[in-house]
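Numbering (this note's numbering), first residue to last: 300 to 596.
By construction, the Cβ of each residue, glycine as well, lies at the ideal position given by its N, Cα and C atoms.
These figures come from a predicted structure and were not determined experimentally.
Report on the structure given below.
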DNA sequence: CTCCAGGCGCCTT
DNA sequence: AAGGCGCATGGA
């Protein structure tokens, strides 16, 4: 005889009322790499908690494997309390941004753990998002701590700590398919583990100083630093310029002309307004959606 | 098969 | 300062 009450008792549940929150766009827009869709819901690990997110019409239903008293970790991660309207209203009113907002309405920026974000984006260079996901998953399975998930699920793991990854030798990391990025990740793990760069302190710095500190880490340049500034610390002026955004800016604003990276950075720093990070994420996701639909048609 | 991917570090001019 | 190149690995 089924006993659903047992499951209900053993798991935490909470419903978050939301407006204009596109959970799928948010979790598949290349900010975070561990979310998996199952039966129309999104399952993943935040810190040391497994969680399932079910998106309703005007709410998100969260279910954990263990009881939860304080849900701040989740509302903070999802940025539930952010009012999207003034952000969208601050975007430039050009055709490109209008199309992006139209196609990606409800896309949000997450607030992720700095170490997981940093490590993940060190692994991201010249990799497709599907491959980044695969590498991160291997890393977590092999070096992350087990976390409790639902009984019928595959084992779930936390993202490995910097301390743990610092103990790995390069061959163990390379075995997770990360290739030439292995020495960068190991060096970064060392620097974080020994507090040569104190990730928690970067929150209090001006964006420029935080960026410089991140760029001092091997394998971290301007683009990856901007990703961490934006996706982990919420510096909304950060504007990561990758190949997709370069393509978008050239096609939409520079009549397809060859433009130097420095020029694109200067343009984006002024043109997109106070929430340029959000604008960037809309452009990025829009370009990828557009590419995918063009290819499938 | 070739081309390219949420780049970076290093070596040339 | 600015430009070119190699780097592992696998998807398209």
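Item                                                                                                                                                                        : Value
Of the choices 525, 572, 343, whose alpha-carbon is the least far from that of residue 385?                                                                                 : 572
So what's residue 386 in DSSP terms, helix, strand or just coil?                                                                                                            : helix
Tell me which residues share the same chain as residue 556 and place their Cβ nearer than 8 Å to its Cβ, disregarding the 5 neighbours each side in the sequence.           : 549
Only counting the same chain, and skipping five residues up and downstream in sequence, which positions put a Cβ closer than 7 Å to that of residue 364?                    : 310, 349, 447, 448, 449
In terms of alpha-carbon separation, which member of 474, 341, 354, 312 lies closest to residue 366?                                                                        : 312
Short of 7 Å in beta carbon distance, which residues of its chain neighbour residue 438, apart from the five on each side in sequence? Order them along the chain.          : 459, 475
Closest by CA to residue 434, which one among 576, 484, 492?                                                                                                                : 484
If residue 513 sits next to residue 519, beta carbons under 8 Å apart, how far is it from one beta carbon to the other, in whole angstroms?                                 : 5 Å
Specify whether the region 578-585 and the region 319-328 touch according to this definition: at least 3 beta carbon pairs, one from each stretch, less than 8 Å apart.     : yes
Work out the CA separation of residue 413 and residue 500 for me, nearest whole Å.                                                                                          : 11 Å
Looking only at its chain, what residues have a beta carbon closer than 6 Å to the beta carbon of residue 420, apart from the 5 residues adjacent to it on each side?       : 523, 526
What does the Cβ neighbour count give for residue 336, buried or exposed, with the cut at 16 atoms within 10 Å?                                                             : exposed
Taking the straight line between their C-alpha atoms, what separation do you get for residue 538 and residue 425?                                                           : 18 Å
In chain order, what residues of the same chain have a beta carbon less than 7 Å from the beta carbon of residue 480, not counting five sequence neighbours either side?    : 421, 422, 424, 518
Is it the case that the Cβ atoms of residue 430 and residue 410 are separated by a distance below 8 Å?                                                                      : no
Among the residues of its own chain, which have a CB less than 6 Å from the CB of residue 477, if the five just before and after it don't count?                            : 422, 434
Just to confirm my understanding: we take residue 332, look at its own chain, exclude 5 residues before and 5 after, and list those with CB closer than 6 Å. What are they? : 419, 431, 432, 435
Please state the DSSP three-state secondary structure of residue 575.                                                                                                       : helix
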